[in-house]
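Asker: Sending over a structure as structure tokens; questions will come in a sec.
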Amino acid sequence: MSCNDALKLGEHEFHSRLFIGTGKYRDVAETRAALEASGAEVVTVALRRVDLADRGEGSMMELVMSKRWTILPNTAGCFTADDAVRTLRLARELGIGDLVKLEVIGDKNNLYPDNEQTLEAAKTLIKEGFTVLPYCIDDPIVCRKLEDLGCAAVMPLAAPIGSGLGIRNPYNLRIILEQAKVPVIVDAGVGTASDAAVAMELGCDGVLMNTAVAAAKNPVLMAEAMREAVVSGRKAFLAGRMPKKLYASASSPEAGLIS
């Protein structure tokens, strides 16, 4: 792809459109290998599920703070706007940065986001100078409201977190893509490489995943597959697919046929 096909999020610019998480791997060594194989430039870290103070050799924080990746702190495990805002303020105090993934959960079983609390937290964080990437339901209205608040992107789910069900509602995603003036990044529900490719072929600007890689039988190989799927899906979108037809159409021209 052209070197100009960069993904811009606020003042940040990235060439990889794959965002990858750091949870659920067997150990830090496997995490490192998967991150490297993915080619991702942005790595998301659940602040409430890692020891932020432990930055010793071989620790998760030593890995993610190595300056090899841009760290995207997230608020997984937060159920109120106040908790999410407090968590991300802590991340900034620790020097992790201003680019953040906002996640305010409304239900412990399906892990769907709480729309009202997400909007409230986003409004506060944007006023405080954060570059906010909100995890949200695949609802065009919610996405529009988040964009209007000033979010740098919207991150609608493809399916429930960790489900691996893939793109369940491509039609909603198409509506979101048609109206959005900020990047649209699919977040949650991807299960395998074809899911990532479909998201990118629809025109999504990126894909964020964790479980699809970490829970694979071979996480490192899956990370490599996801890297290639995101790239190929983006290329297919830029190329523009052929129109679908009900009937056959000869692939060879009929002019000049020997009779």
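Using my numbering, read the sequence shown as starting at 1135 and increasing by one per residue.
Note that the Cβ used here is the ideal one computed from N, Cα and C, for glycine as well.
Predicted model only: the values in this text are computed from it and were never measured.
#1: Taking all protein chains shown into account, do 16 or more other C-beta atoms lie within 10 angstroms of the C-beta of proline 1274, making it buried, or fewer, making it exposed?
#2: Could you check what DSSP says for glycine 1394 in three-state terms: helix, strand or coil?
#3: Under 8 Å Cβ to Cβ from glutamate 1164, same chain only, skipping five residues before and after it: list those, please.
#4: Identify, in the order they occur along the chain, each residue of the same chain with its Cβ nearer than 7 Å to the Cβ of alanine 1349, setting aside the five sequence neighbours on each side.
#5: Determine the DSSP secondary structure at glutamate 1175, reduced to helix, strand or coil.
#6: Secondary structure at leucine 1228, three-state DSSP: helix, strand or coil?
#7: Considering only the alpha carbon of each residue, which of Phe1371, Glu1175, Cys1285 lies closest to leucine 1236?
#8: Helix, strand or coil: how does DSSP classify methionine 1376 here?
#9: Using DSSP with H/G/I as helix, E/B as strand and the rest coil, what is leucine 1143?
#10: I'd like to confirm the pairing. Which residues does DSSP put opposite valine 1288 in its beta bridges?
Answerer: Looking at the coordinates:
#1: Against the sequence shown, residue 1274 aligns to sequence position 140. It counts as buried.
#2: This structure cannot speak to residue 1394, because the chain is shown only from 1135 to 1393.
#3: In the sequence shown, residue 1164 corresponds to position 30, counting from 1. Excluding residues within five positions, the ones whose Cβ falls inside 8 Å are Pro1353, Val1354.
#4: Indexing the sequence shown from 1 puts residue 1349 at position 215. Lys1158.
#5: Along the sequence shown, one-based indexing puts residue 1175 at 41. DSSP places glutamate 1175 in coil when its eight states are reduced to three.
#6: Residue 1228 sits at position 94 when you count from the first residue of the sequence shown. Note: leucine 1228 maps to coil in three-state DSSP.
#7: Here residue 1236 refers to the residue found at position 102 when the sequence shown is read from its first residue. Checking every option, the nearest Cα to that of leucine 1236 belongs to Cys1285.
#8: Taking the first residue of the sequence shown as 1, we reach residue 1376 at position 242. Residue state, collapsed to three classes: coil.
#9: Taking the first residue of the sequence shown as position 1, residue 1143 is located at position 9. Of the three classes helix, strand and coil, the one that applies to leucine 1143 here is strand, per DSSP.
#10: Taking the first residue of the sequence shown as position 1, residue 1288 is located at position 154. Paired residues: Val1318.
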